[in-house]
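Trainee: In terms of the UniProt record's numbering, the numbers along the sequence shown are unbroken and rise by one, the last being 541.
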Amino acid sequence: MAIEMSSIVSKLSMLSTSDHASVVSMNLFVALLCTCIVLGHLLEENRWMNESITALLIGICTGVVVLLFSGGKSSHILVFSEDLFFIYLLPPIIFNAGFQVKKKQFFVNFMTITSFGAIGTLISCVIITTGATFAFKRMDIGPLEIGDYLAIGAIFAATDSVCTLQVLNQDETPLLYSLVFGEGVVNDATSVVLFNAIQSFDLNQLNPSIALHFLGNFLYLFVASTLLGVVTGLLSAYVIKKLYIGRHSTDREVALMMLMAYLSYMLAELTYLSGILTVFFCGIVMSHYTWHNVTQSSRITTKHSFATLSFVAEIFIFLYVGMDALDIEKWKFVSDSPGTSIAASSVLLGLILLGRAAFVFPLSFLSNLTKKSQHQKISFRQQVIIWWAGLMRGAVSMALAYNQFTVSGHTQLRSNAIMITSTITVVLFSTVVFGLLTKPLIRLLLPHPKITSSMTTTESTTPKSFIVPLLGDSRDSEADLEGHEIHRPNSLRALLSTPTHTVHRLWRKFDDSFMRPVFGGRGFVPVEPGSPSERNGNQWG
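1. For residue 358 and residue 127, which I take to be in contact (beta-carbon distance under 8 Å), what is that distance rounded to the nearest angstrom?
2. Tell me whether the beta-carbon of residue 289 lies closer than 7 Å to the beta-carbon of residue 521.
3. I believe residue 210 touches residue 293 by the beta-carbon criterion, under 8 Å. Please report the beta-carbon distance rounded to the nearest angstrom.
4. Is the beta carbon of residue 363 less than 7 Å from the beta carbon of residue 156?
5. Please return the same chain residues whose Cβ sits closer than 6 Å to the Cβ of residue 214, not counting the five positions on each side in sequence.
6. CA-CA distance, residue 118 and residue 383?
7. Tell me whether the segment 425-436 and the segment 186-201 touch, counting them as touching only if at least three CB pairs, one residue from each stretch, are closer than 8 Å.
8. Does DSSP put residue 521 in a helix, a strand or coil?
9. Rounded to whole angstroms, what is the Cα-Cα separation between residue 170 and residue 180?
10. With the cut-off set at 7 Å, would you say residue 627 and residue 124 are in Cβ contact?
11. What did DSSP end up calling residue 102 once you bin it into helix, strand or coil?
12. Report the three-state DSSP secondary structure of residue 416 (helix, strand or coil).
13. From 43, 281, 304, pick the residue whose C-alpha is nearest to that of residue 102; which is it?
14. Taking the alpha-carbon of residue 419 as reference, which of 345, 513, 320, 440 has the nearest alpha-carbon?
15. Please identify the residue among 404, 509, 327 whose C-alpha is closest to the C-alpha of residue 144.
16. Closest to residue 173 by CA distance: which of 510, 505, 441 is it?
17. Output the distance between the C-alpha atoms of residue 306 and residue 141, rounded to the nearest integer angstrom.
18. Run the CB neighbour count on residue 584, radius 10 Å, all protein chains shown included, and call it buried at 16 or more, exposed below.
19. Of the residues 22, 109, 402, which one's Cα is nearest the Cα of residue 321?
20. Would you mind listing the alpha helix (DSSP H) stretches within the segment 148-217 that are 4+ residues and don't spill past its ends, in chain order?
21. Just curious, the alpha helix (DSSP H) that residue 356 is in, first and last residue?
22. Pick out whichever of 386, 421, 508 has its Cα sitting closest to the Cα of residue 446.
23. Please name the residue, chosen from 53, 93, 34, 29, that lies closest to residue 62 on a Cα-to-Cα basis.
24. Just the C-alpha distance for residue 544 and residue 149, rounded to the nearest angstrom, thanks.
25. Within 10 angstroms of its Cβ, does residue 31 collect 16 or more other Cβ (buried), or is it exposed?
26. With a CB to CB cut of under 6 Å and the five nearest residues on each side skipped, what residues in its chain are close to residue 39?
27. Using CA coordinates, which residue listed in 112, 20, 207, 37 is at the minimum distance from residue 371?
28. Buried or exposed: where does residue 504 fall if 16 or more other Cβ atoms within 10 Å of its Cβ makes it buried?
29. Please state whether DSSP places residue 325 in a helix, a strand or coil.
30. With a 10 Å radius around its C-beta and 16 neighbouring C-beta atoms as the bar for buried, classify residue 393 as buried or exposed.
31. From the DSSP output, in three-state form, read off residue 120 for me.
32. Going along the chain, which residues of its own chain have a beta-carbon closer than 6 Å to the beta-carbon of residue 310, five neighbours each way excluded?
33. Work out the CA separation of residue 163 and residue 147 for me, nearest whole Å.
34. Using CA atoms only, rank isn't needed, just tell me which of 397, 302, 81 is closest to residue 187.
35. Roughly how many angstroms separate the alpha carbons of residue 400 and residue 424, rounded to a whole number?
36. Which whole-angstrom value describes the C-beta separation of residue 221 and residue 273, a residue pair presumed to lie in contact below a C-beta threshold of 8 Å?
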């Protein structure tokens, strides 16, 4: 009996020690997050640094300190977890990007964005897979199967859309921002879908039917994920418009918007769709309908709440990756042959450069063929920036690499350890070096970016009236087109001659006649007792 009691006391003591260690780790991590924010503010005007690079470097320095204090046993406070990344950190970042994206720029360039994000990712994956297969077999890395090589292609074809948010400015370079970030969202979704397909298919029996099956599966995932995001966003708009939750509690409005946004992501994951695409389009729909149905105070609260959650998650990710970069367990496997790891990283970086160039310039050329107006075409200098800004690799690549080459974050095979250390090296090098040089490159190639009227127009009923012009809604298009006569097509030829203006006009007509009366939106919320419209009217009356 005494022995059993002693055993129970010992277990409780170990549990208490473990809990205390977790509390200490979280305290240190929160303190580091605060440090990143303060340093980011101090470096705001620096033309080289941004908060993502600052967080990454602080994470690496912290990892070195922890490694020294632990006697070389451990370098991280928290172990990198792909579940933590995909379930908790990525959704608020992607949702906020959709919620604050300039919709006109995004949808005007939708075909180019889709071709870059889907076709471009496949081209890059093929080039990286082919190059890695030929190079690694000659470098004595270890036993890698065909599934591993295909996974390497998917892993390193995934760009870092989070870092893109940090290095590109939506107001200074709206076209570049919409193209690079929009491509990044579709690219992340394509890479994840491609990676999952590689793991699910029998790669020992490759044939054309598998390729067709994969293509059909991708199209299904893209369309279904987009529709799920749109439906969830419309549902939130309809519920808030009909119930007027804000007349009793603005807290409930804000909570419902946040939970519906997260629900869209989790529903997509539950149904094996792309949560990235779903939550992105949910954000776009919510900004167009739901946001205008809530009270004025809820609009301010949601805008800043979504932006704050996204900002903290971004910093958390880079700090997280930086601290995990010095995981001693994986580096021990390559300590006897550091040259092999460096060579593998160099090969992968070269393939990333080549793979991105192989689709950016050809697809930009094809996109320009469809543009009649010169200012709508992508210039060569802009193509160089698009190529460069998409070279950064980040947490998506890390998460996929850990999924493929580790078991619960640990690996016992030399070949797998080399691939993990090579991924870490590529992520660190591309984020720091390419990220540092992106802003100077933009200033060199585009010294005087033109700010369009859609970024200078402010109205009291849109989020653009709060601090910075973030949300471009459908009226941005009208502002952009002021002073320009739009030909109203009455034939197929006219439709083909001005497709962008025509589609926009038809969408506005459909939106005003059918969508907004049902789901609300700016100017279409009926004035009833206790409604947001009545309160706004009383405020301005």
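Using N, Cα and C, we set each Cβ at its ideal position, and we do this for glycine too.
Note that the structure is predicted; figures quoted are calculated from it, not measured.
Mentor: Taking the definition as stated:
1. Contact between residue 358 and residue 127 holds, with the beta-carbon distance rounding to 6 Å and staying under 8 Å.
2. Yes, these two residues count as a Cβ contact at 7 Å.
3. So it is not a contact: roughly 46 Å between Cβ atoms.
4. Cβ atoms of residue 363 and residue 156: not closer than 7 Å.
5. Residues 197 of the same chain have their beta carbon placed closer than 6 Å to that of residue 214, with the five preceding and five following residues left out of the count.
6. For residue 118 and residue 383, the distance between alpha carbons rounds to 17 Å.
7. Verdict: no, contact absent.
8. Here DSSP, grouped into helix, strand and coil, assigns residue 521 to coil.
9. Distance between the alpha carbons of residue 170 and residue 180 is about 11 Å.
10. The structure shown does not extend to residue 627, since the chain spans only 1 to 541, so no value can be given for it.
11. In the displayed model, residue 102 falls within a strand according to three-state DSSP.
12. In the three-state DSSP reduction, residue 416 falls in the helix class (H, G or I).
13. It is 281 whose Cα lies nearest to the Cα of residue 102.
14. Distances from the alpha-carbon of residue 419 to those of 345, 513, 320, 440 put 345 closest.
15. Nearest C-alpha to residue 144: 404.
16. When the alpha-carbon of residue 173 is set against those of 510, 505, 441, the nearest one is in 441.
17. In this structure, the alpha-carbon of residue 306 lies about 44 Å from that of residue 141.
18. Past the boundaries of the shown model lies residue 584; the chain is included only from 1 to 541, so the question cannot be answered.
19. Measuring from the Cα of residue 321, the nearest candidate turns out to be 402.
20. Runs found: 161-167, 174-200.
21. Looking at the DSSP string, the run of the alpha helix (DSSP H) that includes residue 356 is 338-369.
22. For residue 446, the nearest C-alpha among the options comes from 386.
23. If we check each option's Cα against that of residue 62, 29 comes out closest.
24. For residue 544 there is no data in the structure shown, the boundaries of the chain being 1 and 541.
25. Exposed, since its Cβ has fewer than 16 Cβ neighbours within 10 Å.
26. Counting only residues of its own chain and dropping the five nearest sequence neighbours on each side, residue 39 has a CB closer than 6 Å to the CB of 54.
27. Of the listed residues, the one whose Cα sits closest to residue 371 is 112.
28. With 16 or more neighbouring CB atoms inside 10 Å of its own CB, residue 504 falls in the buried class.
29. It is coil, neither helix nor strand.
30. Within 10 angstroms of the beta-carbon of residue 393 lie 16 or more other beta-carbons, which makes it buried.
31. DSSP places residue 120 in helix when its eight states are reduced to three.
32. Counting only Cβ-Cβ distances below 6 Å, and skipping sequence neighbours, we find 92, 93, 96.
33. One C-alpha to the other measures close to 28 Å.
34. Cα-wise, what sits closest to residue 187 is 397.
35. The alpha-carbon of residue 400 is positioned some 12 Å away from that of residue 424.
36. Right, their Cβ atoms sit about 6 Å apart.
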